[in-house]
Amino acid sequence: MNNNNNGASGNASEFDYVIVGAGSAGCVLANRLSANGKYSVLLLEAGPKDTNLWIHVPLGYGKLFKEKTVNWMYQTEPEPGLNGRQVFQPRGKVLGGSSSINGLLYVRGQHEDYDRWRQHGNAGWGYDDVLPYFKKAENQQRGGDKYHGVGGPLPVSDWRHADPLSEAFVAAAAETGIPTNPDFNGAAQEGAGFFQTTTRRGRRASTAFSYLRPAKGRSNLHVETGALAQRLLFDGRRARAVEYRQNGELRAVRARKEILVSSGAYNSPQLLQLSGVGPAELLKTHGIDVVLDAPGVGNDLQDHMQVRLVMRCAQRITLNDTLNHPLRRIMAGARYAAFRKGPLTIAAGTSGAFFKTNPRLASPDVQIHFLPFSTDKMGEKLHSFSGFTASVCQLRPESRGSLRIKSADPTVPPEIRINYLATETDRAAFIDGIRILRKILSAPALKPYVVDEAYPGSKVSSDGDVLDYCRRTGSTVYHPTSTCRMGNDPLAVVDQRLRLRGIEGLRVVDASVMPDLMSGNTNAPTIMIAEKASDMILEDAR
Ligand SMILES: Cc1cc2nc3c(=O)[nH]c(=O)nc-3n(C[C@H](O)[C@H](O)[C@H](O)COP(=O)(O)OP(=O)(O)OC[C@H]3O[C@@H](n4cnc5c(N)ncnc54)[C@H](O)[C@@H]3O)c2cc1C
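Residue 549 is where the sequence shown ends in my numbering, and the numbering goes up by one at each step.
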């Protein structure tokens, strides 16, 4: 193997498929590829088993933002559009990956997203092509129909709590002309309503829970945790093995059929670059032998940004009031323990809305996440006052960034540049989105609940001041994608079957292959991608 200079591969074990990363995508692959019993599958995961109790309680995601035992806890470089601030980037490092620490919202994006992917030459990825895979994955609590599946591994459920504030938000949106939509994943996304979540009876359904656990007894599936893949090893341009470190030892494992890189939008391009597949100039700077000059690896990084408005509430009905009060907190905990209901089932949004900031647009360009609590920063202490939050997220940012290794050492975090707010369209979407959100927040249905806007406050009203607030406080919605983009152009990294262009025996299967960022939350689409990839891999194995 031409880039193996340490002899580790000499006593390598062998599997048909080696999957690197047990996240949203990797667990799906592990289940589907091992299902027919014909192939041996190894799943390598850098993080530990998902034993942290907070993983399984929906509201527990707030406890995992800065929990380094299960989180890579990356930072961007200073972002020019955000006054040079570095933006914290949590990513799951545990069985289930980011699906074990995420906000649980089940949002597929718009039909138009997938038709755009198809329109850009990605045959097989139009909405009609991907819908069967969303349905195959799904076990929809409300039952099956044209848009929803039942009997799949992934439980999709309604929220198990009634909250007057979250309901008032939907009513207020209707008062401003935004129709109520009972299903963001049905015929159309536009409107206001309640999010569904990837939960089962009030507990998180990560892909470790929904895909890996049911497959764990299979003798042909082997899972290794605490196993950090350091690089891929090649024979010429054929990927042959994965070198990984576990318990301080360097090991290697061969793949008879294929290596599947599912390490997420930051770690997949990092692993490829460490292995000699990436921009030749960058690799040479770090003394890495170039296997393939692939300038697109790490390009086109996109992410959803959010800007939060915090409202002071006139009634003591927010989660701040519940969790800041010792007795009420104990009662909420007891209610959850007994019935798996109540405020501990809150995910990253209760209700929300999708709307257009400009009537000329064909589909919504903004998503609102509404939450009946408030903090200075996500994952930090709740405010001592009664408060609630509504955030603006631009759905299709034009800004593009990059992911590049900083060192040939696989334990050194990569350089992440997102370039938030780099274009006029992106800046205008936030200014207009906040203007529309403020209209909703001052509509009659919310009047009984609002004292005033705590942040940014009514003094921040001109376009310039609002943009300044976005630059000072904008943060991520945790949706990085497209760093190993699918496509046909010279910078595309994978083809429509997710095979690495120019290399044999290697695919990337995770959020990094999205041709561009879709208009919603990225977990369900990543699971759909892995479902579709599994079929393609099994077809190609015949
Ligand atoms: C805090 C947070 C909140 C979010 N909220 C939502 C939400 O509400 N709804 C939604 O739809 N999406 C949400 N997302 C996004 C969504 O969870 C991700 O887009 C999705 O999980 C990405 O899946 P993936 O398979 O690409 O990567 P991941 O799920 O991140 O999986 C990658 C896996 O690979 C492992 N790995 C990486 N490098 C290596 C290596 N070298 N060797 C071995 N293993 C490795 C990682 O440890 C990880 O387990 C959120 C994400 C975060 C972090």
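All C-beta atoms, glycine included, are put in the ideal place defined by N, C-alpha and C.
Could you have a look at residue i and say whether DSSP puts it in helix, strand or coil?
{"i": "M543", "result": "helix"}
{"i": "F392", "result": "coil"}
{"i": "N2", "result": "There is no way to answer for residue 2, as the model of the chain reaches only from 8 to 549."}
{"i": "V35", "result": "helix"}
{"i": "D416", "result": "coil"}
{"i": "M318", "result": "strand"}
{"i": "Y113", "result": "strand"}
{"i": "N146", "result": "strand"}
{"i": "H376", "result": "strand"}
{"i": "V177", "result": "helix"}
{"i": "K56", "result": "coil"}
{"i": "V157", "result": "coil"}
{"i": "V516", "result": "coil"}
{"i": "G14", "result": "Because G14 carries a pLDDT of 35, less than 50, the predicted location of this residue cannot be relied on, and no value is offered for it."}
{"i": "V249", "result": "strand"}
{"i": "K264", "result": "strand"}
{"i": "I534", "result": "helix"}
{"i": "A548", "result": "helix"}
{"i": "G104", "result": "helix"}
{"i": "I438", "result": "helix"}
{"i": "P333", "result": "helix"}
{"i": "V467", "result": "coil"}
If contacts are defined as beta-carbon pairs under 8 Å, then residue i and residue j qualify, I think. What distance do you get, rounded to the angstrom?
{"i": "G67", "j": "W61", "result": "3 Å"}
{"i": "S393", "j": "R514", "result": "Contact flag wrong, Cβ pair sits at about 50 Å."}
{"i": "A452", "j": "A144", "result": "35 Å between Cβ atoms; not a contact."}
{"i": "Q401", "j": "G440", "result": "7 Å"}
{"i": "G305", "j": "R411", "result": "5 Å"}
{"i": "A212", "j": "P162", "result": "5 Å"}
{"i": "D372", "j": "A321", "result": "Actually they are not in contact, since the Cβ atoms of D372 and A321 sit about 32 Å apart, beyond 8 Å."}
{"i": "L257", "j": "E265", "result": "Not a contact, Cβ separation roughly 22 Å."}
Among the options, which has the Cα closest to the Cα of residue i?
{"i": "G481", "options": "D190, R315, L410", "result": "R315"}
{"i": "G464", "options": "V94, A450, R442", "result": "R442"}
{"i": "G88", "options": "G509, R492, V484, N426", "result": "N426"}
{"i": "R434", "options": "P455, P404, S414, E460", "result": "P404"}
{"i": "A195", "options": "R247, D242, F216, V114", "result": "V114"}
{"i": "V516", "options": "A499, G356, L71, G271", "result": "G271"}
{"i": "N59", "options": "P286, A215, S526, T325", "result": "A215"}
{"i": "M535", "options": "Y24, G28, P160", "result": "P160"}
{"i": "K454", "options": "E84, D23, L172, Q148", "result": "L172"}
{"i": "F202", "options": "L281, A531, T357", "result": "T357"}
{"i": "A236", "options": "L368, S107, N254", "result": "N254"}
Short check: CB of residue i to CB of residue j, under 7 Å?
{"i": "S409", "j": "L308", "result": "yes"}
{"i": "E182", "j": "A397", "result": "no"}
{"i": "T352", "j": "R167", "result": "yes"}
{"i": "N327", "j": "F361", "result": "no"}
{"i": "F377", "j": "F191", "result": "no"}
{"i": "L36", "j": "S541", "result": "yes"}
{"i": "G283", "j": "V298", "result": "yes"}
{"i": "L267", "j": "I510", "result": "no"}
{"i": "T488", "j": "L524", "result": "yes"}
{"i": "R261", "j": "A248", "result": "yes"}
{"i": "V317", "j": "A461", "result": "yes"}
{"i": "R125", "j": "W132", "result": "yes"}
Chain B beta carbons: is any one of them nearer than 7 Å to that of residue i?
{"i": "G158", "result": "Going by chain labels, chain B is absent from the structure shown, which holds only one protein chain."}
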